[in-house]
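Each remark here refers to the structure printed beneath this line.
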Amino acid sequence: MEVTLRQWVDEAERVVVFTGAGMSTESGIPDFRSPGGVWSRMQPIMFQDFLASEEMRVEAWRRKFAVDVEIGGAQPNSGHKAIAHLVAQGKVTHVITQNIDNLHQQSGIEADKIIELHGNGTYAKCLDCGFRHELEQIKAAFVAGDEKSAPGCQSCGGIVKSATISFGQAMPEDEMRRAEAATLSCDLFIAIGSSLQVMPAAGFPVLARHNGARLVIINREPTDIDKAADLVLNAEIGAVLSGLVGLNS
Numbered sequence: 579m580e581v582t583l584r585q586w587v588d589e590a591e592r593v594v595v596f597t598g599a600g601m602s603t604e605s606g607i608p609d610f611r612s613p614g615g616v617w618s619r620m621q622p623i624m625f626q627d628f629l630a631s632e633e634m635r636v637e638a639w640r641r642k643f644a645v646d647v648e649i650g651g652a653q654p655n656s657g658h659k660a661i662a663h664l665v666a667q668g669k670v671t672h673v674i675t676q677n678i679d680n681l682h683q684q685s686g687i688e689a690d691k692i693i694e695l696h697g698n699g700t701y702a703k704c705l706d707c708g709f710r711h712e713l714e715q716i717k718a719a720f721v722a723g724d725e726k727s728a729p730g731c732q733s734c735g736g737i738v739k740s741a742t743i744s745f746g747q748a749m750p751e752d753e754m755r756r757a758e759a760a761t762l763s764c765d766l767f768i769a770i771g772s773s774l775q776v777m778p779a780a781g782f783p784v785l786a787r788h789n790g791a792r793l794v795i796i797n798r799e800p801t802d803i804d805k806a807a808d809l810v811l812n813a814e815i816g817a818v819l820s821g822l823v824g825l826n827s
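Using this note's numbering, you'd call the opening residue of the sequence shown number 579 and step up by one each time.
Here's what the structure looks like:
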């Protein structure tokens with residue numbers, strides 16, 4: 579089956595790669611939704627609660643910095659590097675990702691080819707003026723206040739939040755439009771490491787298939803849309819992608 583995938587990649591002119599949490603588990607980043615993941619240990623903080631409550635904002639920053647200690651040293655794995663190789667070759671036009679870990683960027687892919695549906699957890703933004711804040715600055719201010727108050731925006735004094743999409747927060751319109759355009763322009767769509775359950779993001783593979791593109795799903799476990807795919811590979815992602823591009827895993 580991997581021979582088929584290699585042939586299809588060779589034949590394709592515009593490949594779009596879609597990645598979920600399983601893409602980064604081989605880098606040591608757990609799937610938040612999996613058993614034992616973050617959301618099985620604590621209730622997520624809803625976006626409206628974050629806006630309305632200083633206490634919730636403080637708790638959100640405590641959690642953020644605690645999780646960063648656990649996963650802050652993660653590096654791109656062989657799968658990330660293989661995708662970067664395909665981008666460099668001009669085969670992959672865009673990488674649509676549900677991940678917030680910045681590992682696609684660290685693998686060498688240019689930012690304008692990455693579409694982050696759920697944001698990026700490596701920096702923060704003001705919800706009022708959009709000013710970007712580096713996490714080191716936010717953490718320093720948070721610790722200086724004995725972790726009892728949430729840091730405000732240095733530019734306008736507004737509420738600052740990790741640049742990720744929280745539960746109850748609207749999806750980023752620009753990124754959704756970019757993802758739709760990329761999906762409709764591809765002739766091969768490869769969904770990797772996603773259960774394909776979280777909407778609306780999980781609708782992109784189906785959209786690609788309905789628009790005439792071949793659909794390949796690579797995931798350790800079956801997904802809800804396997805029947806719609808032209809090829810399903812239930813295997814280790816790094817090994818499959820490394821074999822595809824001829825890189826050692």
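Backbone N, C-alpha and C fix where the C-beta goes; we use that ideal spot for every residue, glycine too.
Are there three or more Cβ pairs, one per stretch, closer than 8 Å when the region 793-807 is compared with the region 766-775?
yes
Pick from 681, 737, 686 that is closest to residue 632, judged by C-alpha positions:
737
For the structure I just gave you, are there three or more beta carbon pairs, one from the region 593-606 and one from the region 652-661, closer than 8 Å?
yes
For residue 761 and residue 594, believed in contact at Cβ under 8 Å, the rounded distance:
6 Å
Which residues bound the beta strand (DSSP E) around residue 792?
792-796
Exposed unless 16 or more other CB atoms sit within 10 angstroms - verdict on residue 676:
buried
Relative to the C-alpha of residue 767, which residue among 807, 802, 746, 750 is closest?
807
Counting only runs that start and end within the region 721-795, where is the alpha helix (DSSP H) found for 4 or more residues in a row?
751-763, 781-788
Alpha carbon to alpha carbon, how far is residue 679 from residue 697? Give it in angstroms, no decimals.
9 Å
Does the pairing of the region 629-648 with the region 801-817 give three or more beta-carbon distances under 8 Å?
no
Cutting at 7 Å between CB atoms, please list the residues of its own chain near residue 791, excluding the five before and the five after it.
764, 765, 766, 767
Can you tell me whether DSSP reads residue 694 as helix, strand or coil?
strand
In the DSSP output, what is residue 702 paired with across the bridge?
711, 740
DSSP three-state call for residue 801: helix, strand or coil?
coil
Using a 10 Å radius around the Cβ and a threshold of 16 neighbouring Cβ atoms, would you call residue 598 buried or exposed?
buried
Reduced DSSP secondary structure (H/G/I, E/B, other) of residue 687
coil
CA nearest to the CA of residue 786, picked from 813, 757, 751, 814
757
By Cβ distance, which residues of its chain are closer than 6 Å to residue 827, with the 5 residues on each side in sequence left out?
Unreliable positioning characterises residue 827 in this predicted model, as indicated by a pLDDT of 47, which lies under 50. A coordinate reading is not provided.
Mind checking residue 755: buried by the 16 CB within 10 Å criterion, or exposed?
exposed
So residue 602 packs on residue 681, CB below 8 Å; how close in whole Å?
6 Å
How is residue 607 classed by DSSP in three states: helix, strand or coil?
coil
Is the beta carbon of residue 776 less than 9 Å from the beta carbon of residue 663?
no
Out of 789, 731, 699, which has the shortest C-alpha to C-alpha gap to residue 759?
789
Whether residue 779 touches residue 674 by CB criterion (9 Å)
yes
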